Amino acid sequence: MIVGSLISYAQAIALGLLQGVSELFPISSLGHSVILPRLLGWDIHQNDPYFLSFLVATHLATAIVLLLFFWRDWVRIIKGMGRSLRDRGIAPDDNDAKLGWLLVVGTIPAGLLGLLLEHPLRRVFASPESAAIFLMLNGFLLYGAELLRRRAPETDTDDDARLAKQVGFPHAFGIGAAQALALIPGFSRSGATMGGGLLAGLSNRDAARFAFLLATPIIGAAAILKLPELFGPHGAGIRGQALVASLCSAVTAYIAVRVLLRFFETNRLTPFALYCGIAGAICAAVIPFL
Amino acid sequence: MNTRSPLIVGLVALGGVALIVIAFVYWVEPASSLPSFFPGHVAKHAAEANHHHIKHGIAAFFVGLAALVFAWFQTGKKKAA
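Chains as they are written, first to last, in the working numbering: chain Y, 321 to 610; chain S, 2 to 82.
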């Protein structure tokens with residue numbers, strides 16, 4: 321094995337930039353990281369242990385950016401959860417505590433399903449051909465969520481108050497479970513959570529905010545769990561590239577959060593649905609001939 | 002959900018403690034040394050005999066923790082409807 325040439329620095333920069341954007345835009349980062357190497361003729365495969373170690377670093381960077389971006393919110397949420405534990409109940413007006421436990425309830429099914437299904441699903445669906453088809457289906461999913469959305473009246477001006485009042489615990493559980501779809505390359509985790517948020521009656525902006533908050537523990541935990549692999553034999557020859565990719569991923573992730581929160585103030589998931597549908601269809605048609 | 006039944010609360014708390022103990026068993030024991038009724042148990046000569054099911058342990062630990070938190074909330078003062 322020629323360790324030094326597993327991933328070039330140019331490839332690392334491209335994959336890092338792509339990861340930061342596609343992890344938070346509802347367009348499937350995993351799907352793109354499977355499809356792009358095939359489209360560009362790179363000898364990189366999704367199930368190669370060194371590539372998984374490489375991706376761990378970029379995911380960790382994305383999680384750190386999300387944590388820092390919503391740092392003040394997380395401090396309030398954790399304080400609220402502490403209050404509720406102390407009082408052995410969630411006070412009706414304690415939106416921070418309610419939001420915190422909603423995130424916990426949403427994280428548990430996603431975490432369990434991720435732990436149990438990650439390897440079998442990746443083994444079966446890691447080909448660029450299937451990723452292209454699932455990317456197309458992700459487009460339909462996003463469009464369907466926009467069509468079927470429940471429009472609840474927005475009574476609060478505070479973001480977290482709206483989230484706490486409009487999302488119930490069963491909704492949070494369902495949205496969390498829907499994230500497991502993202503274990504299949506082509507389906508988007510943030511797309512599943514945003515779509516679930518819309519079906520629960522959230523606005524596009526609130527659904528995006530809930531998706532980003534829900535993403536932080538899941539992406540962070542998954543990355544930390546696999547971080548030792550990066551420092552083990554599977555990380556040999558790619559640590560420098562992983563560091564560069566992580567920095568690129570952090571920059572684009574930060575831009576993506578800012579852009580998306582502003583974008584969803586007035587816009588919908590429809591452009592992402594169109595992109596996924598068209599890009600997935602084109603890739604599905606082209607990849608078999610590459 | 003607000004059951005308030007002492008029996009159910011006790012059972013949930015007991016289940017939570019049991020799951021946390023199971024989590025430690027997964028972390029400490031290799032797959033071949035796990036009790037045979039545990040998911041992930043393999044025979045001593047199997048290829049994965051020395052593998053530690055860390056992820057099974059993490060899953061059991063967090064579900065156990067969630068059960069304990071649920072039981073804790075159920076012991077709080079009942080709020081007026």
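Just so it is clear, CB atoms sit at the ideal spot from N, CA and C, and this is done for glycine as well.
If you're wondering where the values come from, they're calculated on a predicted model, not measured in any experiment.
- A straight-line Cα-Cα distance of about 12 Å links L522(Y) and A481(Y).
- Assigned with DSSP and collapsed to three states, A411(Y) falls in coil, not helix or strand.
- Residues of chain Y with a Cβ closer than 9 Å to the Cβ of A60(S) are, in chain order, G431, L432, L435, L436.
- Interface with chain Y (8 Å Cβ-Cβ cutoff): W73(S) is included.
- Taking the Cβ atoms as the reference, V564(Y) lies roughly 6 Å from I333(Y), within the contact range of under 8 Å.
- Across the structure, P412(Y) and A19(S) are spaced so that their CA atoms are roughly 32 Å apart.
- Identification of chain S residues near I347(Y) by a Cβ-Cβ cut-off of 7 Å yields none; the smallest Cβ-Cβ distance measures about 28 Å.
- For F63(S), the enclosing alpha helix (DSSP H) covers residues 55 to 75.
- Within the same chain, and ignoring the five residues on either side of F445(Y) in sequence, the residues whose Cβ sits closer than 8 Å to its Cβ are A451, F454, I504, P505, G506.
- Taking 4 residues as the minimum length, the alpha helix (DSSP H) runs contained wholly in the segment 487 to 572 of chain Y are 489 to 498, 509 to 519, 524 to 551, in order along the chain.
- Look at H365(Y) here: in three-state DSSP terms it is coil, with no helix or strand label.
- Sequence-distant Cβ neighbours of A61(S) in its own chain, meaning closer than 8 Å and more than five residues away, are L20, I21, I23, A24, Y27.
- Inclusion of F390(Y) and I558(Y) in the CB contact set at 8 Å is not warranted, their separation being larger than that value.
- For H352(Y), the uninterrupted alpha helix (DSSP H) run begins and ends at 349 to 359, by DSSP.
- Considering only L344(Y), R443(Y), G517(Y), L581(Y), the residue with the shortest C-alpha distance to L467(Y) is G517(Y).
- Within chain Y, the residues placing a beta-carbon under 7 Å from that of F63(S) are I428, G431, ordered along the chain.
- Less than 8 Å divides the Cβ of V341(Y) from the Cβ of A576(Y).
- Residue state for K418(Y) is assigned as helix, using DSSP reduced to three classes.
- Collapsing the DSSP output to three states places L35(S) in coil.
- Annotation: F609(Y) is outside any alpha helix (DSSP H) and is labelled neither H nor E by DSSP.
- If you ignore the 5 residues before and after A543(Y), its C-beta comes within less than 7 Å of the C-beta of V376, H379, L380, A383, all in its own chain and listed in chain order.
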